[in-house]
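Notes for the one structure printed next.
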Amino acid sequence: MDRLLPKAIGKGYLAVMNIFKHFSSNAPKKTVISKEEENEFSREVTKIEALDDATKRLYKDLKKSMEAMATLSKHQCRIGHNLAASPVLNTEEELKSLELISTSVGQIEELTHKLNSQTTKVMVEPMKKFTLIFPSIYLVLKKREQCLQEYTRCQVKVEKYEDKERTGQNIAKLTTAKKGLEAAKESFDKFNNELMKELPEFFEGRLDYFQPCFEALIKAQIQYYTQCFKIYAELAPELEYRETVISDEDFEEQIQQKMSDIRALSIVIDD
């Protein structure tokens, strides 16, 4: 018998369904399987549903993270370019070292672009492929539901003829109904047993699929932040004043004093 679910994760399918709620609402009023069997099936479906939801949320969060990093890098470059173009740097020798900021943020932007490209390759694209499998699972579960409904319908039909008067015609119909029930039961049992084997296999397969992705992402991030640290570490000594380092409070006080001196100039209009 061919596998019901995809053997290899990430082959590509479309859309994602709310599986558990769909089959709970369509479940037959009368069932031919035990409560224990149905609960076991529901637990497996719930696990798949949770995996589906978690994968979609992680995919969206990764995309948002990449967009945020790209935006931050863009603004850093703008600040660096504005500093480099400032006329103050051309007149104040002490501030010329600030030109290095523009160079540094440019390097950071290149690193950020590289990290986002790596993230797309090792995480975003594999996750997208993974989410595309769920519609095929939905179709298989729908087929299982159809088999169960047919099994139940045949059981009801047998009970109907068993309750009727045992005439020759009714006995013949009962015999035919029992054969139909036997075939429906065999079909459902075979399908359900295979499904109950493959659903846990698929769920556990997420570990082997995602672990290399996360390892590659972590390595890419380590490389990114290590290089960023190196760039800033090389930049920091160039930006240090020759004067003694002052506290944040004293620095804030100096800024306020300079602002007061500027406001006191006759060319400044005080709102």
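Sequence positions in the sequence shown follow UniProt numbering and run 1 to 271. All C-beta atoms, glycine included, are put in the ideal place defined by N, C-alpha and C.
1) Go ahead and label G80 buried or exposed: buried means 16 or more other beta carbons lie within 10 angstroms of its beta carbon, across all protein chains shown.
2) Can C154 and G180 be called in contact, C-beta distance under 9 Å?
3) Could you compute how far the alpha carbon of S42 sits from the alpha carbon of E49?
4) If you follow the alpha helix (DSSP H) that A264 is in, where does it begin and where does it stop?
5) Does any residue of chain B have a CB that is nearer than 9 Å to the CB of C147?
6) Apart from the five residues on each side of it in sequence, which residues of its chain come closer than 7 Å, Cβ to Cβ, to M66?
7) Per the contact definition of three or more C-beta pairs closer than 8 Å, is the segment 97-110 in contact with the segment 205-216?
8) Rounded to the nearest angstrom, how far is the Cβ of R144 from that of L195, given a contact under 8 Å?
9) Whole angstroms are fine: how far does the CA of K56 sit from the CA of Y151?
10) For a quick check, are the C-beta atoms of L51 and F203 less than 9 Å apart?
11) Helix, strand or coil: which one does DSSP assign to T55?
12) Report all residues from its chain with a CB closer than 7 Å to the CB of N192; omit the five preceding and five following residues, and keep chain order.
13) Exposed or buried, what is K137 when buried is set at 16 or more other beta-carbons lying within 10 Å of its beta-carbon?
14) Excluding the 5 residues flanking V122 on each side, which residues of the same chain have their C-beta closer than 6 Å to its C-beta?
15) Count the other CB atoms, across all protein chains shown, that sit within 10 Å of the CB of Y224; report buried if there are 16 or more and exposed otherwise.
16) Indicate the three-state DSSP secondary structure (helix, strand or coil) for V158 in the structure shown.
17) Sorted by chain position, which residues of the same chain lie with C-beta nearer than 8 Å to T31's C-beta, five sequence neighbours on each side aside?
18) Where do the N-terminal and C-terminal ends of the alpha helix (DSSP H) with E125 fall, by residue?
Working from what's here:
1) buried
2) A Cβ-Cβ contact shorter than 9 Å links C154 with G180.
3) 10 Å
4) Counting along the chain, A264 falls outside any alpha helix (DSSP H), and DSSP gives it neither H nor E.
5) Of the protein chains in the structure, only one exists, and it is not chain B.
6) N116, T119
7) no
8) So it is a contact: roughly 6 Å between Cβ atoms.
9) 35 Å
10) yes
11) T55: helix per DSSP, three-state reduction.
12) Exclusion of the five residues before and after N192 leaves R144 as the residues of its chain whose Cβ lies within less than 7 Å of its Cβ.
13) One point to set straight first is that residue 137 is Ile, not Lys, in the sequence displayed. The residue is buried, with at least 16 neighbouring Cβ atoms inside 10 Å.
14) C213, A216, L217
15) With 16 or more neighbouring CB atoms inside 10 Å of its own CB, Y224 falls in the buried class.
16) helix
17) E38, L148, T152
18) Counting along the chain, the alpha helix (DSSP H) containing E125 begins and ends at 125-131.
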